[in-house]
Amino acid sequence: MTDKQDPFKSELTDDHLESAFAALRGQEVKPSNALLARIMADAEEVTRDRAAHETSAAIPDRKGLRIWVRQIMASLGGAPGAVGLAAMACLGVGIGLNPPAVIEALETTYFGVSDVYVLEMIPDLQGELIDG
Amino acid sequence: MALDARPISDAGVTDEALLVLFANGDREAARLLTIRLAPIVLSHAARVLGDQAEAEDVTQEALMRLWKIAPDWRQGEAKVTTWLYRVTANLCTDRLRKRRPSGLDDVPEPDDGRPSVAQSMQDAARAEALQQALMTLPERQRQAVVLRHIEGRANPEIGEILGISTEAVESLTARGKRALAAALANRKDELGFTDD
Chain Y
1 MTDKQDPFKS ELTDDHLESA FAALRGQEVK PSNALLARIM ADAEEVTRDR AAHETSAAIP
61 DRKGLRIWVR QIMASLGGAP GAVGLAAMAC LGVGIGLNPP AVIEALETTY FGVSDVYVLE
121 MIPDLQGELI DG
Chain R
133 MALDARPISD AGVTDEALLV LFANGDREAA RLLTIRLAPI VLSHAARVLG DQAEAEDVTQ
193 EALMRLWKIA PDWRQGEAKV TTWLYRVTAN LCTDRLRKRR PSGLDDVPEP DDGRPSVAQS
253 MQDAARAEAL QQALMTLPER QRQAVVLRHI EGRANPEIGE ILGISTEAVE SLTARGKRAL
313 AAALANRKDE LGFTDD
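For the protein sequence lines, the chains are Y and R, in the order given.
Using this note's numbering, you'd call the opening residue of the first sequence number 1 and step up by one each time.
Using this note's numbering, you'd call the opening residue of the second sequence number 133 and step up by one each time.
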């Protein structure tokens with residue numbers, strides 16, 4: 001058993017290790033010019049990509065607007081739903097501005113009054129709409 | 133965003149400030165950061181990987197990640213060097229895990245062309261022996277020992293880099309040093325270590 005370790009052989013002290021660390025620290029690991037050039041090329045590529053991205057983001061995105069409108073339409077049930085909603089909105093406004101006689105009769109029946117009270121959120125708007 | 137070639141005085145400008153300037157398109161800031169940080173990253177990667185070519189790849193990848201994160205960098209949260217050490221440590225870990233387990237015989241010989249003008253033959257032999265011994269340590273121990281005893285980082289920062297507590301760093305470096313001492317014991321005379 002010749003490779004058995006000598007039990008009397010002392011291990012390295014902290015000072016020995018520290019001198020080995022110092023020796024390794026002293027071995028300069030210097031980046032080559034080729035590596036530095038590759039790193040700088042990466043930096044410029046990232047800068048160019050970012051600039052291109054920012055430019056494209058600043059231009060209004062027509063495609064994005066179309067997608068947004070399509071999503072709204074879909075949530076309303078497609079084109080028929082949207083047309084129906086618009087028609088009912090117009091009908092509601094028309095009834096509100098010029099209520100038919102049957103509505104006034106129902107008011108008298110259920111509420112005991114025949115006068116219509118209009119809460120004007122925007123003064124004179126109703127008059128302008130009626131008068132044109 | 134146009135590239136700006138305005139010169140910057142190197143002295144007194146922090147890495148964090150340079151990174152902000154780079155994010156704003158300053159080419160000179162990128163150059164200064166490269167000059168400052170590439171040697172740090174390369175040195176750490178070379179010590180941990182024991183392979184210059186792989187260390188260069190890791191250096192390029194680590195700095196590429198720095199360029200990409202620059203616009204989102206939050207000042208005051210971490211030092212650029214600490215963040216970069218963390219990225220480098222992780223990249224080294226990934227590469228070491230992909231390697232098959234290696235013995236001492238697989239450790240590459242030191243690069244003869246490496247600059248060592250001011251070093252004595254004995255220092256070169258000690259450095260080579262220590263590098264070979266480092267490669268026998270478990271990866272986390274190696275990272276901790278290199279950061280503490282070669283790069284000279286403080287234990288709390290090493291904990292931040294490796295994602296462990298300061299106490300765990302102390303334990304790792306202590307075990308690492310014991311293992312290195314044992315690994316180099318047989319070469320004590322050859323390396324000129326005397327008991328006096």
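Positions of the beta carbon are idealized from the N, C-alpha and C atoms, including for glycine.
Give the straight-line distance between the Cα atoms of residue i and residue j, rounded to the nearest whole angstrom.
i, j, result
"A51/Y", "A256/R", "48 Å"
"P129/R", "H53/Y", "With chain R running from 133 to 328 in the structure shown, residue 129/R is simply not present."
"G157/R", "T47/Y", "6 Å"
"T13/Y", "L312/R", "11 Å"
"L106/Y", "G84/Y", "26 Å"
"Q273/R", "Q192/R", "24 Å"
"A161/R", "D42/Y", "14 Å"
"L35/Y", "E188/R", "7 Å"
"A22/Y", "S56/Y", "53 Å"
"L181/R", "V173/R", "12 Å"
"L205/R", "L153/R", "Checking the sequence, you will find Trp at residue 205/R rather than Leu. Each residue's Cα considered, the two are about 11 Å apart."
"C224/R", "A317/R", "28 Å"
"R258/R", "L24/Y", "7 Å"
"S297/R", "V278/R", "17 Å"
"A265/R", "L164/R", "34 Å"
"K230/R", "N222/R", "13 Å"
"K320/R", "R280/R", "23 Å"
"P171/R", "A194/R", "12 Å"
"D226/R", "A74/Y", "47 Å"
"V190/R", "P80/Y", "59 Å"
Give me the residue from the options with the minimum Cα distance to residue i.
i, options, result
"A155/R", "M253/R, V301/R, L198/R, G295/R", "L198/R"
"L216/R", "T298/R, L316/R, E148/R, D321/R", "E148/R"
"V17/Y", "S303/R, Q263/R, I290/R, E271/R", "At residue 17/Y the sequence reads Leu, which differs from the Val that was named. Nearest of S303/R, Q263/R, I290/R, E271/R to L17/Y, Cα basis: Q263/R."
"R179/R", "M267/R, R159/R, G208/R, L164/R", "M267/R"
"M253/R", "A20/Y, I39/Y, A79/Y", "A20/Y"
"R159/R", "I39/Y, R66/Y, L76/Y, V29/Y", "I39/Y"
"L269/R", "L304/R, A300/R, G208/R", "L304/R"
Let me confirm a value: residue i is counted as buried when at least 16 other C-beta atoms fall within 10 Å, else exposed. Which label applies?
i, result
"F200/R", "For the sequence presented, residue 200/R should be read as Lys rather than Phe. Its Cβ having fewer than 16 others within 10 Å, K200/R is exposed."
"W68/Y", "exposed"
"E45/Y", "exposed"
"Q27/Y", "buried"
"S175/R", "buried"
"V301/R", "buried"
"V99/Y", "Looking at the sequence itself, residue 99/Y is Pro, so the reference to Val does not match. Exposed is the call here."
Does the distance from the CB of residue i to the CB of residue j come in under 9 Å?
i, j, result
"E283/R", "A210/R", "no"
"A177/R", "T213/R", "no"
"L228/R", "E260/R", "no"
"L151/R", "A202/R", "yes"
"L76/Y", "A82/Y", "yes"
"E11/Y", "A286/R", "no"
Whole-angstrom Cβ separation of residue i and residue j, contact assumed at under 8 Å?
i, j, result
"A276/R", "L294/R", "7 Å"
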